[in-house]
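K.L.:
Input: one structure, supplied below.
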Amino acid sequence: SEHFFEGVEKLLEIWFEESSNSDDDLRNISRADWENVLSNVNCEIISTSKNDIIDAFVLSE
Amino acid sequence: SSMFVSKRRWILKTCGTTTPLKCLGQLLKLAEANGYNVVADLFYSRKNFTRPEAQRTPHQGFTEEVTYLDSVFPNGRSYCLGSMNLECWYLYTFSRSDIKISPKLITDEKIVDSDPDQTIEILMQDLDPETMSVFYKNKFDNANGATVKSGIDTILPSMHIDDFLFDPCGYSMNGINDKGEYMTIHITPENQFSYVSFETNVALSNYRKLINQVINTFKPGKFIVTIFANKCSLAYETMKELEVEYSKGSHWKRTDMQCCNFPSYNLLFAQYSHAEK
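Chains as they are written, first to last, in our numbering: chain A, -9 to 51; chain B, 112 to 388.
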């Protein structure tokens, strides 16, 4: 069949309420846990970069 | 595709036939285990698919996606901007501040002030084939060559770039800076279904220059711009300027425009096509 790829993305953004514990941080979630979450999405982590404020992941697809 | 994680915000942007909504339950459990058990705001959005029939459940139509999200967020709201039979952009939002209106649901809780937040997305189609030829693996061994050749590295120079060139073609990049801001670009270069998306949350008082630079970098035949800004954002007051000015004196014809006022965010949606194409 004719080759086609859907470039249009689905974008999901979630903000959580501030936690009373200042140590709470979504960046504490391990790579293995993220890989597990992303397996339900059908994509994988290809590359990561980070600084003091944000972690960024390039994913397959 | 990309994922961004900061202290209390999570962003997932995926293309192809991926199923991001299917990870929602697991994500919420993980967040709870890390101290975050209350969702303050959720945004799910996408442009209309070129081939919706190729998508997997629950992404085979916006109604199905909304039903899925409603099962998790019973007070969410869904919207369609643009022309439903041509090009459009779907949005689902959930905001806890909406629930706070109802004393039956939540009472006696302090309303937390938001941080400034804004997001601009530029979704481009019918791109210039010569510009797109850069994003093929046979042109460059590594993604950095494509990043520099295309001029992506000059769009927001403060960003530290992590880029990837797919085999045989396709390109993704994430950029992050010391302020915690991000940008992300995804490119499907094949001529029959070319598509480029640009997104950033950089705080600017006027996005006109940025839009010009992105458009001049990729040379689309048509594009959609969406700007979200909350009431603390620099962009909030200046969205009107873009609404009035952008297509003036240029070869871009604005084919659609809508503005929405949500309880804590403003949204501008505009669609442009090249007047000569």
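Note that CB positions come from ideal geometry on N, CA and C, so glycine has one too.
#1: Which first and last residues belong to the beta strand (DSSP E) in which residue 381 of chain B is found?
#2: Would you decide whether residue 265 of chain B is buried or exposed? Buried here means 16 or more other CB atoms lie within 10 Å of its CB.
#3: Let me know the secondary structure DSSP gives residue 137 of chain B once reduced to three states.
#4: Distance, Cα to Cα, residue 149 of chain B vs residue 297 of chain B?
#5: Residue 392 of chain B to residue 305 of chain B, Cα distance in whole Å?
#6: For a test of the three-state rule: what should DSSP assign to residue 27 of chain A, helix, strand or coil?
#7: Do residue 325 of chain B and residue 292 of chain B have their C-beta atoms closer together than 7 Å?
#8: What span of residues does the beta strand (DSSP E) with residue 254 of chain B cover, start to end?
#9: Is it buried or exposed for residue 10 of chain A, if we count other Cβ within 10 angstroms and need 16 for buried?
#10: Can you list the residues of chain D that residue 153 of chain B reaches, using a CB-CB cut of under 9 Å?
#11: Please compile the residues from chain A whose C-beta is within a distance smaller than 7 Å of the C-beta of residue 299 of chain B.
#12: What residues from the stretch 15 to 37 of chain A come within 9 Å of chain B, judged by C-beta to C-beta, listed N to C?
#13: If residue 131 of chain B sits next to residue 31 of chain A, beta carbons under 8 Å apart, how far is it from one beta carbon to the other, in whole angstroms?
#14: Which whole runs of the alpha helix (DSSP H) in the stretch 291 to 336 of chain B are 4 residues long or more, in chain order?
#15: In angstroms with no decimal places, state the Cα-to-Cα distance between residue 173 of chain B and residue 201 of chain B.
#16: Is the shortest distance between the beta-carbon of residue 9 of chain A and the beta-carbons of chain B less than 7 Å?
#17: Check the Cβ of residue 126 of chain B against every Cβ in chain A and list those closer than 7 Å, keeping chain order.
#18: Which same chain residues end up closer than 6 Å to residue 113 of chain B when comparing Cβ atoms and leaving out the 5 residues on each side of it in sequence?
#19: Whose Cβ in chain A lies nearer than 8 Å to the Cβ of residue 157 of chain B?
#20: Applying the 10 Å Cβ sphere with the 16-neighbour rule, what's the burial state of residue 271 of chain B?
#21: In this structure, what does DSSP give as the bridge partners for residue 124 of chain B?
P.N.:
The short version:
#1: As a working note, residue 381 of chain B is residue 270 in the second sequence. Start and end: 376 to 385.
#2: As a first step, residue 265 of chain B must be located in the second sequence, where it is residue number 154. Answer is exposed; the Cβ neighbour count stays below 16.
#3: As a working mapping, residue 137 of chain B is identified with position 26 in the second sequence. Of the three classes helix, strand and coil, the one that applies to residue 137 of chain B here is helix, per DSSP.
#4: For the purposes of this step, residue 149 of chain B is taken as the residue at position 38 of the second sequence. For the purposes of this step, residue 297 of chain B is taken as the residue at position 186 of the second sequence. C-alpha separation (whole angstroms): 31 Å.
#5: It is not possible to answer for residue 392 of chain B, since the shown part of chain B is limited to 112 through 388.
#6: As a working note, residue 27 of chain A is residue 37 in the first sequence. Note: residue 27 of chain A maps to helix in three-state DSSP.
#7: Within the second sequence, residue 325 of chain B is the residue found at index 214, counting from 1. Within the second sequence, residue 292 of chain B is the residue found at index 181, counting from 1. Not a contact, by the Cβ cut-off of 7 Å.
#8: On the second sequence, residue 254 of chain B is found 143 positions in, with the first residue counted as 1. It is not in any beta strand (DSSP E) - residue 254 of chain B instead sits in the alpha helix (DSSP H) that spans 254 to 261.
#9: Locating residue 10 of chain A in the first sequence gives position 20, counting from the first residue. Under this definition residue 10 of chain A is an exposed residue.
#10: Absent here is chain D; the protein component of the structure consists of chains A and B.
#11: Walking along the second sequence from the start, residue 299 of chain B turns up at place 188. Correct list: -5 and -3.
#12: 15, 16, 17, 18, 19, 23, 24, 26, 27, 28, 29, 30, 31, 32, 33, 35, 36 and 37
#13: Along the second sequence, one-based indexing puts residue 131 of chain B at 20. Along the first sequence, one-based indexing puts residue 31 of chain A at 41. Between residue 31 of chain A and residue 131 of chain B the Cβ distance is about 5 Å, and since that is below 8 Å, they are a contact.
#14: 319 to 329
#15: As a position in the second sequence, residue 173 of chain B is number 62, starting the count at 1. As a position in the second sequence, residue 201 of chain B is number 90, starting the count at 1. Computed Cα separation, rounded: 7 Å.
#16: Residue mapping note: residue 9 of chain A aligns to position 19 of the first sequence, counting from 1. Taking Cβ atoms only, chain B reaches closer than 7 Å to residue 9 of chain A, which makes this a yes.
#17: In the second sequence, counting from the first residue as 1, residue 126 of chain B sits at position 15. -4, -3, -2, -1 and 51, listed in chain order.
#18: The count along the second sequence starts at 1 and reaches residue 113 of chain B at position 2. 124, 285 and 295.
#19: Taking the first residue of the second sequence as 1, we reach residue 157 of chain B at position 46. By Cβ distance, chain A contributes -2, -1, 0 and 1.
#20: By 1-based counting over the second sequence, the position of residue 271 of chain B is 160. So residue 271 of chain B ends up on the exposed side.
#21: Indexing the second sequence from 1 puts residue 124 of chain B at position 13. Looking at the DSSP output, residue 124 of chain B bridges to A:1 and B:113.
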